[in-house]
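Residue numbers (the numbering used here): 170 to 373.
Even glycine gets a Cβ: it sits at the ideal position worked out from N, Cα and C.
The structure under discussion appears below in the form of structure tokens.
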Amino acid sequence: MAKKREKFENHTPRPLTTGEVASYCHVTINAVKKWIYTNKIKAFLTPGGHYRIKPQDFKEFLKKYKMPLAEGIFPSISHHKILIVDDSPHIVEFIKSAVSSMGIGGTGGNKYEIETAGDGYEALIKVGDFKPNLLILDIRMPRIDGNEVCKRIRQNPKTRHIKILAVTAFGKEDAENIIKSGADGYLLKPLNLRELRDKVKEMI
Numbered sequence: 170m171a172k173k174r175e176k177f178e179n180h181t182p183r184p185l186t187t188g189e190v191a192s193y194c195h196v197t198i199n200a201v202k203k204w205i206y207t208n209k210i211k212a213f214l215t216p217g218g219h220y221r222i223k224p225q226d227f228k229e230f231l232k233k234y235k236m237p238l239a240e241g242i243f244p245s246i247s248h249h250k251i252l253i254v255d256d257s258p259h260i261v262e263f264i265k266s267a268v269s270s271m272g273i274g275g276t277g278g279n280k281y282e283i284e285t286a287g288d289g290y291e292a293l294i295k296v297g298d299f300k301p302n303l304l305i306l307d308i309r310m311p312r313i314d315g316n317e318v319c320k321r322i323r324q325n326p327k328t329r330h331i332k333i334l335a336v337t338a339f340g341k342e343d344a345e346n347i348i349k350s351g352a353d354g355y356l357l358k359p360l361n362l363r364e365l366r367d368k369v370k371e372m373i
């Protein structure tokens, strides 16, 4: 049953947010909501009270009002999963805020789904469940450190493709060691906001 569900989810296009539709059409989110209220575009409400639009309904809307229709499933809208791992809640929130602000309206329609973990052990569990595209990984952590997390990810055929951005407050030598463990890049703490965003965009 689990395999059937996974197969279904992998082949079912996810619904679009009002922000993604607004970005695609170069209008405001309020304009999209007005289209919904006036039944120009079909939408449904999530349990949390947010509007979502099925890709097929969006395509029909574009055709009806003679708006440009991109080939495929809207290549201007991308969806990336990022797992942030650090034992400092303040660092986690800083990185999460920096990455979240790169989303809709910030970089041409990119959408980031973010999960967090407080140590290496939790990180490895979430890597398996969440399946991130990018791991932003602190090196010095309790239980299992970043070097070990990195090695285990690279040793597993199912996870070795994940991009890993290491962060450390212990200098270049610490960072260069995790590169040897398989990380794709590193940043030194204190983190610079622009450098962090540039590195995330580069790796995604």
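CA nearest to the CA of residue i, picked from the options
i: lysine 223; options: Thr187, Ile198, Leu304 and His249; result: Thr187
i: leucine 231; options: His195, Leu357 and Tyr206; result: His195
i: leucine 360; options: Gly217, Gly340 and Asp353; result: Gly340
i: serine 266; options: Tyr193, Glu189 and Leu362; result: Leu362
i: glutamine 225; options: Lys368, Val190, Glu345 and Tyr206; result: Val190
i: lysine 370; options: Gly218, Ala200, Val318 and Ser269; result: Ser269
i: arginine 383; options: Leu356, Lys368 and Phe213; result: The structure shown does not extend to residue 383, since the chain spans only 170 to 373, so no value can be given for it.
i: methionine 236; options: Tyr193, Tyr206 and Lys295; result: Tyr193
i: valine 318; options: Glu291, Glu262 and Glu342; result: Glu291
Beta-carbon gap between residue i and residue j smaller than 7 Å
i: threonine 285; j: isoleucine 253; result: yes
i: lysine 327; j: glutamate 282; result: no
i: isoleucine 313; j: glycine 287; result: no
i: isoleucine 305; j: isoleucine 264; result: yes
i: arginine 321; j: glycine 351; result: no
i: leucine 185; j: phenylalanine 227; result: yes
i: tryptophan 204; j: isoleucine 210; result: yes
i: isoleucine 347; j: asparagine 325; result: no
Cβ-Cβ separation, residue j to residue i (assumed contact under 8 Å), whole Å
i: methionine 271; j: arginine 329; result: Between arginine 329 and methionine 271 the Cβ distance is about 26 Å, and since that is not below 8 Å, they are no contact.
i: tyrosine 220; j: lysine 233; result: Contact flag wrong, Cβ pair sits at about 19 Å.
i: aspartate 256; j: proline 311; result: 6 Å
i: isoleucine 260; j: leucine 303; result: Actually they are not in contact, since the Cβ atoms of isoleucine 260 and leucine 303 sit about 16 Å apart, beyond 8 Å.
i: lysine 368; j: leucine 356; result: 6 Å
Residue-level contact to chain C via CB, residue i, 7 Å cutoff
i: lysine 358; result: Going by chain labels, chain C is absent from the structure shown, which holds only one protein chain.
Can you confirm whether the region 334-344 touches the region 293-300 when touching is taken to mean that 3 or more C-beta pairs between the two stretches lie within less than 8 Å?
no
Could you name each continuous alpha helix (DSSP H) segment of 4 residues or more that falls completely within the region 296-332, going from the start of the chain to the end?
315-324
Starting from the N-terminal side, write out each stretch of the beta strand (DSSP E) that is 3 residues or longer and does not extend beyond the region 175-228.
220-222
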